[in-house]
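All residue numbers for the sequence shown refer to my numbering, where the first residue is 177 and numbers rise by one. Structure record follows, encoded as structure tokens.
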Amino acid sequence: MSEKNKPVRKRPARKYLFAILDNDTHDYLFAVRSTKHSAVSWIVGMALLICIVTFCLTAFTPLRRIIPGYPSYSTQKEAVENAAMVDSLENRMRIMTLQMTNIQRIIAGQDPLPIDSLLSSGMQESSGKDDMAASNKADSILREKIDSIEKYNLLPSASEPQLEGMLFFPPVKGVVTEPYNPSAGHPFVDIAVQNNSAVCSILDGTVIAAYWNDDTGYCIHIQHSNDLVSIYKHNNKLLKDVGDRVSAGTTISLAGNTGNLSTGPHLHFELWHEGEPIDPSLYINL
Numbered sequence: 177m178s179e180k181n182k183p184v185r186k187r188p189a190r191k192y193l194f195a196i197l198d199n200d201t202h203d204y205l206f207a208v209r210s211t212k213h214s215a216v217s218w219i220v221g222m223a224l225l226i227c228i229v230t231f232c233l234t235a236f237t238p239l240r241r242i243i244p245g246y247p248s249y250s251t252q253k254e255a256v257e258n259a260a261m262v263d264s265l266e267n268r269m270r271i272m273t274l275q276m277t278n279i280q281r282i283i284a285g286q287d288p289l290p291i292d293s294l295l296s297s298g299m300q301e302s303s304g305k306d307d308m309a310a311s312n313k314a315d316s317i318l319r320e321k322i323d324s325i326e327k328y329n330l331l332p333s334a335s336e337p338q339l340e341g342m343l344f345f346p347p348v349k350g351v352v353t354e355p356y357n358p359s360a361g362h363p364f365v366d367i368a369v370q371n372n373s374a375v376c377s378i379l380d381g382t383v384i385a386a387y388w389n390d391d392t393g394y395c396i397h398i399q400h401s402n403d404l405v406s407i408y409k410h411n412n413k414l415l416k417d418v419g420d421r422v423s424a425g426t427t428i429s430l431a432g433n434t435g436n437l438s439t440g441p442h443l444h445f446e447l448w449h450e451g452e453p454i455d456p457s458l459y460i461n462l
């Protein structure tokens, strides 16, 4: 057979030996036999395993907090508290601006604007004189109606508390899903909100209760003047403690979905006067 027709034999894969020997006895302490491809595969596999273990440790364990730039628990808590404080300051500035606007109107001999409607509109300016005239006309009609009803009433009605002169701040920005209906066993208001929305005090007052309840979650009660008590339930977090003094518009908690009776993020709001529940929508623009 000629040299050209001889079959070409493939050379077997070259194997390598990695060993650790005892310097005195020359015994094998550790030995691994492998080809070049197997060694490369083993090294790549170990590198991937190290990467996966490192990722799991940093993503799902407290070790991630040692990474520079990652926010710690205290930093996150301070961020939430600072956001609530900024929201409270913005609300206070809105109230002061509205009060200053009404003082200027009174000095100019004009009627003060209704505070509740200004708060709900986000302090936006009126679109024109026609809107202002329509507002004044509606206010005049309402005044005439009230005057005609109370013309012969020498004493205030015992069933309706006289709270019209008080400035109430909306407790939260949301949508009323369950209105006040004491005849149906619902002497309070449910307001649907986004989770962790700021819940504000409706008036100046003192926190008289701040607690957890299995049915209503985190709850907070505030005592106001004129024998008024406001109650806020199903909160996600309470920002005030018993005995704290709060002002109207101050953030007292973060709305949530806590408690067995809650089916979604909302605020359960109650308003009591002299031990009797009253309709908050009569005095607060919810």
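The C-beta atom is built at its ideal place from N, Cα and C for all residues, glycine as well.
- Bounds of the alpha helix (DSSP H) holding Ile-226 are 212-236.
- From the listed residues Ile-396, Ile-367, Phe-345 and Arg-421, the smallest Cα separation to His-442 is found for Ile-367.
- Its Cα nearest to that of Tyr-408, the residue Ala-374 stands out among Ala-374, Thr-439 and Asn-199.
- The beta carbons of Ala-431 and Asn-412 sit about 6 Å from each other, so the pair counts as a contact at 8 Å.
- Leu-265 counts as exposed, since fewer than 16 other C-beta atoms from the protein chains shown sit within 10 angstroms of its C-beta.
- Assignment of Ala-284 by DSSP, reduced to helix, strand and coil, places it in the coil class.
- As the crow flies, the alpha-carbon of Glu-446 is around 37 Å from that of Gly-285.
- In the three-state reduction of the DSSP assignment, Ser-423 falls in the coil class.
- The Cβ atoms of Pro-358 and Pro-453 sit closer than 8 Å to each other.
- Between Phe-206 and Ile-196, the gap from beta carbon to beta carbon is short of 8 Å.
- From the listed residues Asn-372, Ala-260, Val-262 and Pro-456, the smallest Cα separation to Gly-440 is found for Asn-372.
- Of the other Cβ atoms in all chains shown, fewer than 16 fall within 10 Å of the Cβ of His-362; this residue is therefore exposed.
- His-397: member of the beta strand (DSSP E) spanning 393-400, first to last residue.
- Asp-263 and Gly-221 have their C-alpha atoms some 52 Å from each other.
- Here the alpha carbon of Phe-345 sits roughly 6 Å from the alpha carbon of Ala-424.
- When the Cα atoms are used, Glu-254 and Val-208 turn out to be separated by approximately 55 Å.
- Closest in C-alpha terms to Leu-437, from the list Asp-203, Leu-224, Asn-389 and Leu-274, comes Asn-389.
- DSSP places Ile-454 outside both helix and strand once states are collapsed to three, so it counts as coil.
- In the structure shown, Asn-267 falls within a helical segment according to DSSP collapsed to helix, strand and coil.
- Counting of Cβ neighbours within 10 angstroms places Thr-273 among the exposed residues, the total staying below 16.
- Assigned with DSSP and collapsed to three states, Ile-279 falls in helix.
- Leaving aside the five residues that flank Asp-420 on each side, the residues in its chain whose CB is nearer than 8 Å to its CB run, in chain order, Thr-382 and Val-383.
- Around the Cβ of Tyr-387, a 10 Å sphere holds fewer than 16 other Cβ atoms; the residue is exposed.
- With respect to the 8 Å criterion, Thr-427 and Leu-415 are classified as neighbours on the basis of their beta carbons.
- Taking the Cα positions, His-202 is about 46 Å away from Ala-235.
- Val-422 and Ile-398 do touch by the CB rule: their CB atoms are close to 6 Å apart, below 8 Å.
- By the beta-carbon neighbour count (other beta carbons within 10 angstroms, threshold 16), His-444 is buried.
- Cβ neighbours of Thr-353 within its own chain (closer than 6 Å, five residues either side excluded): Asp-366 and Ala-368.
- Put simply, the backbone Cα of Asp-403 is about 8 Å away from that of Trp-448.
- Thr-392 is positioned such that its CB atom lies closer than 8 Å to that of Gly-435.
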